[in-house]
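The numbering of the sequence shown is the working numbering, which starts it at 859 and goes up by one.
Cβ atoms here follow ideal geometry from the backbone N, Cα and C, with glycine treated the same way.
Just so we're clear, the structure is a prediction, and the values are computed from it rather than from any experiment.
I have placed the structure first, in the form of structure tokens, so that the comments after it can refer back to it.
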Amino acid sequence: MNFFDHQRAAKGSTAKLVFLFVIAVVALVAGINAAVAITMAYKQFDASEILGTVIVVTAATLLIITGRMFFKMLSLRQGGAAIAASLGGVPVDPTTTDPQLRRLVNIVEEMSLASGVPVPRLFVMPQEPGINAFAAGFTPADAAITVTGGALAQLNRDELQGVIGHEFSHILNGDMRLNIRLIALLAGILLIGMIGLRFLQFGGRGSDSKAGAPIVVLAIAMLVLGFIGVFFANLIKAAVSRQREWLADASAVQFTRQTTGLEGALKKIGGIPTGSRLRDSRSATEVSHMLFGEGVKRSFTSLYATHPPLIDRIKALNPSFDPREMAELRQRYSQQVPDGLAEDIAAGFAPAGTALGRRAPAPVPPSSRRTVSPEHVAARAGTFTPEDLKYGAALHGRLPAEIRQLASQPTTAPAAVIGLLLAPSGEAVRARQLDAVAARLGPALARDASALAEQMAKLAHELRLPFVELALPQ
859 MNFFDHQRAA
869 KGSTAKLVFL
879 FVIAVVALVA
889 GINAAVAITM
899 AYKQFDASEI
909 LGTVIVVTAA
919 TLLIITGRMF
929 FKMLSLRQGG
939 AAIAASLGGV
949 PVDPTTTDPQ
959 LRRLVNIVEE
969 MSLASGVPVP
979 RLFVMPQEPG
989 INAFAAGFTP
999 ADAAITVTGG
1009 ALAQLNRDEL
1019 QGVIGHEFSH
1029 ILNGDMRLNI
1039 RLIALLAGIL
1049 LIGMIGLRFL
1059 QFGGRGSDSK
1069 AGAPIVVLAI
1079 AMLVLGFIGV
1089 FFANLIKAAV
1099 SRQREWLADA
1109 SAVQFTRQTT
1119 GLEGALKKIG
1129 GIPTGSRLRD
1139 SRSATEVSHM
1149 LFGEGVKRSF
1159 TSLYATHPPL
1169 IDRIKALNPS
1179 FDPREMAELR
1189 QRYSQQVPDG
1199 LAEDIAAGFA
1209 PAGTALGRRA
1219 PAPVPPSSRR
1229 TVSPEHVAAR
1239 AGTFTPEDLK
1249 YGAALHGRLP
1259 AEIRQLASQP
1269 TTAPAAVIGL
1279 LLAPSGEAVR
1289 ARQLDAVAAR
1299 LGPALARDAS
1309 ALAEQMAKLA
1319 HELRLPFVEL
1329 ALPQ
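Here it is as structure tokens:
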């Protein structure tokens, strides 16, 4: 399957999901109406009164569900950055020199260069000691990747790369939009139960009268059926999420062509006391299907689990894995918490003090001309191979630090990109270009672009498109 096949498959999953939720909503409306109609018939209401009430209840229920879904979607359409911030995520400065954060930025930028997608915004949840991550957004252009403080501190580079590859799969396969729709659909159904609860708390007076009895029954029906609807909706959400998690694990292995990184991350989740759980259980429940690992503890049924069992995920990567090894890992990590940067240094990555957190980049092969078919372009769009990842890392390593800094700042990235496109200073067209920039984007940007043009002109041709890709999110 190529990128477009994955996108079509994601749309197909969305269609199935919507169909299942439509069935759930129809059953919910039918159940509420049945309870009200039976009560009204028992109280000897006229058939016309019963029919009128059923119509009103149906319209009101549908309006409540769709209205709540609409406003929830509206709040989530602000992009992945808004979702990350709402969960306590702190933005990561792309120019950071902190060793852990620098390593994260490098990994994400390398994968973006390899896949050709815009660099996602990065967030960290420093208050979370567990190992977890998630990708959020409506499109790749507004995507954000958030990792926990525990993941940054305890995963080595290969393990963190495996986790980020898993999250890139969600971006490339269209899972983020599906995840947001899941949140909105659940919010709509949950509101029915909450309204029923409020009716019972504040609207139960007069329940002994002929007119009051149907209202009480309506409230009870909304409460009971609303929460039953949430129960089954969560089952649907969990089933869909588990399938997407299998695909994301497989894609991460395909991207990196090694299983040890992802396997190591999953083993550490199973070995450390906090696992992948988030402290804020309420927020974790809402976004549980978006996380790399289970964010909340499931107490009564695996049907509610949004992720495949941890042991099954590890055995899919390493069939020879013995589950009894988990006890040894738990014992080891209870005595000594894993240190990802220390493991990197032992494995030969750059020392933490360099803030690069990677081996010396491989040389970029000289450019050569080749004919590429449209089918090849379609097959490669929105995906990448291990060779692409190595090439992306090499390109990223060759970009001078000052050039990367220009690309990462909103104040300099637009001027640098325009400066890269300007004609040489001796050509007459240069003045017309700057006049056009000044007229459309302002004189200040034109001056900044002109000032950066000579510096950008020295950038090697094979590094110019990677620079633009890094600058685009700004």
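Around the beta carbon of E1025, 16 or more other beta carbons lie within 10 angstroms, which makes this residue buried. Residue pairing from DSSP places M983 in a beta bridge opposite T1006.
Residue state for P1272 is assigned as helix, using DSSP reduced to three classes.
Contact check for G1023 and A1110: beta-carbon distance about 4 angstroms, within the 8 angstroms limit, so the pair qualifies. DSSP places A1289 inside the alpha helix (DSSP H), whose first and last residues are V1287 to L1299. Partner residues in the beta bridge of V948, as assigned by DSSP, are V982.
Rounded to the nearest whole angstrom, the C-alpha separation of R1182 and A1329 is 47 angstroms. Listed in chain order, the non-local C-beta contacts of F1085 below 7 angstroms within the same chain comprise G1051, local neighbours out to five positions each way being set aside. Assigned with DSSP and collapsed to three states, A1163 falls in coil, not helix or strand. Contact between K1126 and I1172 is absent: CB atoms are separated by about 11 angstroms, not below the 8 angstroms threshold. Between A1009 and P978, the C-beta gap is not smaller than 8 angstroms, which leaves the two residues out of contact.
The three-state secondary structure of F1207, taken from DSSP, is coil.
Residue pairing by DSSP places L962 opposite no residue, since no beta bridge is assigned to it. Apart from the 5 residues on each side of it in sequence, I1094 sits with its Cβ closer than 8 angstroms to the Cβ of L875, L878, F879 and A882 in its chain, given in chain order.
When rounded, the separation of the alpha-carbon atoms in P998 and W1104 is 21 angstroms. One thing to note: P1131 has its Cβ within 8 angstroms of the Cβ of S1192. Around the beta carbon of L1049, 16 or more other beta carbons lie within 10 angstroms, which makes this residue buried.
Ranked by Cα distance from I1078, the first of A1096, G1087 and G1054 is G1054.
Counting only residues of its own chain and dropping the five nearest sequence neighbours on each side, S1266 has a CB closer than 6 angstroms to the CB of P952 and T953. Going by beta carbons, A1091 and I1047 fall inside the 8 angstroms limit. Excluding residues up to 5 positions away in sequence, V1326 and A1329 lie with their Cβ nearer than 7 angstroms to the Cβ of V1275 in the same chain. Under the three-state reduction of DSSP output, F992 falls in the strand class.
Taken atom to atom, the span from the alpha-carbon of R1102 to that of L1199 is near 30 angstroms.
Here DSSP, grouped into helix, strand and coil, assigns L878 to helix. In this structure the stretch 967-985 does not touch the stretch 909-921; the number of beta carbon pairs closer than 8 angstroms is below three. Apart from sequence neighbours up to five positions away, the residues of its chain that approach L1058 with a beta-carbon distance below 6 angstroms are A1077, ordered along the chain. Across the structure, S1308 and A1289 are spaced so that their CA atoms are roughly 10 angstroms apart. Its Cα nearest to that of G1087, the residue A885 stands out among A1281, A885 and Q1313.
Where R1115 is concerned, there is no enclosing alpha helix (DSSP H), because DSSP gives it neither an H nor an E. Of A888, Y1162 and G947, the smallest CA-CA separation from A918 is found for A888. Annotation: R1135 is outside any alpha helix (DSSP H) and is labelled neither H nor E by DSSP. Counting every other CB atom within 10 Å of its CB across the protein chains shown gives T955 a total below 16, marking it as exposed.
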